[in-house]
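**Q** The structure under discussion is supplied below as structure tokens; questions concerning it will follow.
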Amino acid sequence: MAKKMERKYSYEELSAFCLQISLLLGSAIPLDEGLSIMAEDAATESEKEMLLYISEEVELGEPFAEVLEKTEAFPPYVVRMAKLGQQTGTLDQIMESLSVYYEKENALLRSIRNAVTYPIIMVFMLLVVLFVLFIKVMPIFEDVYAQLGAQISPVSKSAIQLGGIFSGAALAVSCVLAAVVAVIWIASKFGKKFHVVESFMDSMKRKSKIALAVANRRFTSVLALTLKSGMELEKGMGLAQELVENSKVEEQIRRCGEDLEDGSSYYDAMKKTGLFSGFHIQMIKVGSRSGRLDTVMEEISKDYEQQADNAIDNMIARFEPTVVAVLAVSVGLILLSVMLPLVGVLSAIG
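Residue numbers for the sequence shown follow this note's numbering, so the first one is 959 and each next one is one higher.
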């Protein structure tokens, strides 16, 4: 019976696993022995049991790719590429390429997480500052005015009232959003899907420059690897289509595949579907004629990776000063609406 992991491998773990397998194969160490060595340093007991299971099955003559599939810890892409590597005798090279691929996927995932986390933290800080200002600071000014026997200005009074409403509403909305995110996250762990959320995310991916750059990078990276491994172009595109996770790019890849089946050249099919810009199309044309399409795809993949990084950096660069400006203006106007009348009262008393 297959030993299954409690969870699937992360991108970082997949990169490390593929690299270790590549090193084992390159060093002429029997795969079953190498997997036993890897099991000794496994992070968890379930991972150790899984690696030992793979080792035992490989030793008994089971195909490596089929054993990986049985564990359910590896994505279909790894399984299919491992199967291709066994068929072509290039498993060590493919595993090394997969290691690089998942290393880049992990780096990109970290960048996206940072890009999302940073604005959330900034907005949260803005809400906290305004909440404290309205709930703690503004009532103190009301007491000061009362002790001085003066009336707070209508503008300031309205600001305090609106601030209280705003603070309560912001707190309620934050709690609701946190609850919704928690429910979606927990449900996703158990395989449940929310069609409304999926539709919204799909719409965002189709419009977002970051998402499109990520999808194109993934497509070109997968296609470069499959071409280098000897897979037919049409099959490589089919595999890449399954991995891009962007309906707009998937549709373009599907149309490109149909054009290829109708007899169009790869260059003409790519140009017609609009998958790439003019500069990239010219590179593909040269790569197709020179027989180095895999190398060209690697270079285009690097370019899209840089585009994704730049888009993330630009988003953060635009967001930070906006939040800081909103915070500064909000706090400044609120304090001025209270302080200026107070200064006038104190001057009259003096």
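Glycine is no exception: its CB is placed at the ideal position from the N, C-alpha and C atoms. Here the structure is a predicted model, which means the values were calculated and not measured.
Just to confirm, are residue 1054 and residue 980 a CB contact at a threshold of 8 Å?
**A** Contact: yes.
**Q** Under 6 Å Cβ to Cβ from residue 966, same chain only, skipping five residues before and after it: list those, please.
**A** Excluding positions up to five away in sequence, the list reads 1031.
**Q** How far does the alpha helix (DSSP H) with residue 1016 in it reach, from first residue to last?
**A** Looking at the DSSP string, the run of the alpha helix (DSSP H) that includes residue 1016 is 1003 to 1017.
**Q** Would you call the segment 973 to 992 and the segment 1040 to 1060 touching, i.e. three or more CB-CB distances under 8 Å?
**A** Yes, the segment 973 to 992 is in contact with the segment 1040 to 1060.
**Q** Residue 1269 and residue 1168 look like a contact to me (Cβ under 8 Å); what is the Cβ gap, rounded to whole Å?
**A** About 4 Å separates the two Cβ atoms, so the contact holds.
**Q** Run the CB neighbour count on residue 1229, radius 10 Å, all protein chains shown included, and call it buried at 16 or more, exposed below.
**A** The residue in question, residue 1229, is buried, as its Cβ has 16 or more Cβ neighbours within 10 Å.
**Q** Where residue 1290 and residue 1238 are concerned, what is the direct C-alpha to C-alpha distance, given to the nearest angstrom?
**A** Answer to the nearest angstrom: the Cα atoms are 50 Å apart.
**Q** Helix, strand or coil: which one does DSSP assign to residue 970?
**A** The answer is helix: DSSP assigns residue 970 an H, G or I state.
**Q** Relative to the C-alpha of residue 1033, which candidate in 972, 1273 and 1171 has its C-alpha closest?
**A** Of 972, 1273 and 1171, the residue nearest in Cα terms is 972.
**Q** Taking all protein chains shown into account, do 16 or more other C-beta atoms lie within 10 angstroms of the C-beta of residue 1082, making it buried, or fewer, making it exposed?
**A** The residue is exposed, with fewer than 16 neighbouring Cβ atoms inside 10 Å.
**Q** According to DSSP, is residue 1149 helix, strand or coil?
**A** Note on residue 1149: pLDDT 48, under 50, position unreliable in the model; the coordinate value appears next. Residue 1149 falls in the coil class under three-state DSSP.
**Q** Between the segment 984 to 993 and the segment 1014 to 1033, do three or more beta carbon pairs fall short of 8 Å?
**A** With the cut-off at 8 Å, the segment 984 to 993 and the segment 1014 to 1033 touch.
**Q** Should the segment 1208 to 1227 be called in touch with the segment 1060 to 1075, which here means at least 3 C-beta pairs below 8 Å?
**A** Cβ pair count under 8 Å is below three, so no.
**Q** Would you check if the distance between the CB atom of residue 1009 and the CB atom of residue 993 is smaller than 8 Å?
**A** A contact, by the Cβ cut-off of 8 Å.
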